[in-house]
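Protein sequence lines, in the order shown, are assigned to chains Y and C. Read in order, the letters of the first sequence correspond to residues 11 to 121 in our numbering. Read in order, the letters of the second sequence correspond to residues 15 to 132 in our numbering. Ideal placement from N, C-alpha and C gives every residue a C-beta, glycine not left out. This one's a predicted model, so the numbers in the text were calculated from it and none came from an experiment. Beneath this line is the structure, given in C-alpha cells, with notes to follow.
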Amino acid sequence: DAKTTQPTSMDCAEGRAANLPCNHSTISGNEYVYWYRQIHSQGPQYIIHGLKNNETNEMASLIITEDRKSSTLILPHATLRDTAVYYCIVRVAGGRRALTFGSGTRLQVQP
Amino acid sequence: GAGVSQSPRYKVAKRGQDVALRCDPISGHVSLFWYQQALGQGPEFLTYFQNEAQLDKSGLPSDRFFAERPEGSVSTLKIQRTQQEDSAVYLCASSTPGTSGGVGETQYFGPGTRLLVL
C-alpha cells in the first residue's frame with residue numbers, strides 16, 4: 011500500500027471548515043483513499059473513502075486531486091466533538107485487508 | 015445496535031504473566047481484526063480472521079502472541095510471558111467484506127483494552 015504523509019497537528023475554530031490534507035504521491039490506480047478518525051480513548055471510526063471522484067457523506071467531504079497524488083478531508087462545520095486524530099490510509103482493492111495507519115493529524119477544534 | 019465490545023477495558027499484568035483479551039464483534043460480521051496501538055502512535059495490524067479461519071497473522075510480533083476465533087464469533091488474543099514492551103492498547107475491529115476485494119469495507123472498532131505490564 012502507498013505511503014501517506016499528513017501534518018502532525020492542526021487547529022480549527024469551532025464552526026469553521028476544517029481542511030485536512032494528505033499526500034499520497036506514490037498511489038497506484040487501484041488504491042483507494044480512506045479516512046478514519048480516533049477520538050481520545052476510543053477506537054478509530056470510519057469517515058469516508060474514495061478512488062478518484064470527490065465523495066460526500068453526512069460526516070465529511072473527500073476531495074481527491076486529478077492526479078490522485080493528494081487529497082483533502084473537509085469537515086464543513088467543525089465542532090468541539092471533532093477534536094481527534096485523523097488518519098489518511100491508502101489501500102489497494104483486493105489486497106491485504108489490514109488497515110495501515112500512519113501517525114495521523116491531530117486536529118484541535120478551538121472554541 | 016451493539017457495537018464491538020472488548021474486555022477487560024484495563025489490564026495490569028506483572029512481567030512474565032499470561033493475559034487473555036476478549037473481543038465480541040458485531041453480530042453477523044464475518045471479518046475480525048486485532049491491532050496494537052502504542053502510546054502516541056497509530057494502530058498497527060496484528061492478525062485477521064474470516065469466520066474461524068485466521069487468514070493473516072503477519073503482524074503478530076512474536077510467538078508469544080496467539081489469537082483464536084474458534085466458532086467464528088468471539089475472539090481471544092492471548093499474550094504469554096508478557097514483557098514491558100507489550101504495554102499498549104489492543105484494538106479489535108469487525109466488518110463485513112463489502113464489495114469484491116474489500117472495497118467499501120468499513121471496519122468497526124471496539125474501545126480497546128489498555129494493557130500495562132509492570
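With distances taken between CB atoms, is the gap from residue i to residue j smaller than 8 Å?
i, j, result
"Y/Leu90", "Y/Val43", "no"
"C/Ser89", "C/Leu129", "no"
"C/Phe59", "Y/Ala108", "yes"
"C/Arg95", "C/Asp38", "no"
"C/Val131", "C/Ala27", "yes"
"Y/Thr14", "Y/Gly105", "no"
"Y/Val95", "Y/Gln48", "yes"
"Y/Asn40", "Y/Lys79", "no"
List, in order along the chain, the chain C residues whose C-beta lies closer than 9 Å to that of residue i?
i, result
"Y/Pro86", "Per Cβ cutoff of 9 Å: no residues; Y/Pro86 is ~21 Å from chain C at best."
"Y/Tyr97", "Gly56, Pro57"
What does the alpha-carbon distance come out to for the pair residue i and residue j?
i, j, result
"C/Lys71", "Y/Glu68", "35 Å"
"C/Val44", "C/Thr61", "14 Å"
"Y/Leu30", "Y/Pro86", "11 Å"
"Y/Asn63", "C/Gly54", "32 Å"
"Y/Gln55", "C/Phe123", "7 Å"
"Y/Gly53", "C/Ala34", "19 Å"
"C/Leu91", "C/Cys106", "9 Å"
"C/Ala81", "Y/Ser81", "36 Å"
"C/Gly56", "Y/Gly114", "7 Å"
"C/Arg14", "C/Glu119", "Because chain C spans 15 through 132 in this model, residue 14 of chain C falls outside it and cannot be assessed."
"Y/Ile37", "C/Phe79", "32 Å"
"C/Ser76", "Y/Ser35", "33 Å"
"C/Ser41", "C/Ser87", "8 Å"
"Y/Gly60", "C/Gln64", "24 Å"
"Y/Thr93", "C/Gln51", "19 Å"
"C/Arg83", "Y/Ile57", "28 Å"
"Y/Arg116", "Y/Arg26", "17 Å"
"Y/Met20", "Y/Leu83", "13 Å"
Could you work out which residues of chain Y lie near residue i, taking near to mean beta carbons separated by less than 9 Å?
i, result
"C/Phe47", "Arg107, Ala108, Leu109"
"C/Gly73", "Ala108"
Which of the three DSSP states, helix, strand or coil, is assigned to residue i?
i, result
"Y/Asp92", "helix"
"C/Asp38", "strand"
"Y/Ile73", "strand"
"Y/Asn29", "strand"
"Y/His59", "strand"
"Y/Glu41", "strand"
"Y/Ala23", "strand"
"Y/Val102", "strand"
"Y/Phe111", "coil"
"C/Gln20", "strand"
"C/Leu60", "strand"
"Y/Gln120", "strand"
"C/Pro25", "The question names Pro, but residue 25 of chain C in the sequence shown is Lys. C/Lys25 falls in the strand class under three-state DSSP."
"C/Glu119", "coil"
"C/Glu66", "coil"
Could you work out which residues of chain C lie near residue i, taking near to mean beta carbons separated by less than 7 Å?
i, result
"Y/Gly112", "Gly56"
Can you pull the chain Y residues whose beta carbon is under 8 Å from the beta carbon of residue i, in chain order?
i, result
"C/Leu105", "Gly53, Pro54"
"C/Gly124", "Gly53"
"C/Asp70", "Arg106, Arg107, Ala108"
What residues from chain Y crowd round residue i, counting only those whose CB sits closer than 7 Å?
i, result
"C/Gly30", "Those within 7 Å of C/Gly30 in chain Y number zero; the least Cβ separation is about 28 Å."
"C/Tyr62", "Arg107, Ala108"
"C/Thr120", "Tyr56"
Would you say the beta carbon of residue i comes nearer than 7 Å to a heavy atom of the ligand COA?
i, result
"Y/Gln120", "With respect to the ligand COA, the structure shown offers nothing to examine, as it has no ligands at all."
> At which residue ranges does the stretch 77 to 108 of chain C contain complete beta strand (DSSP E) runs of 3 or more residues, listed in the order of the chain?
Replying inline: 79 to 82, 89 to 93
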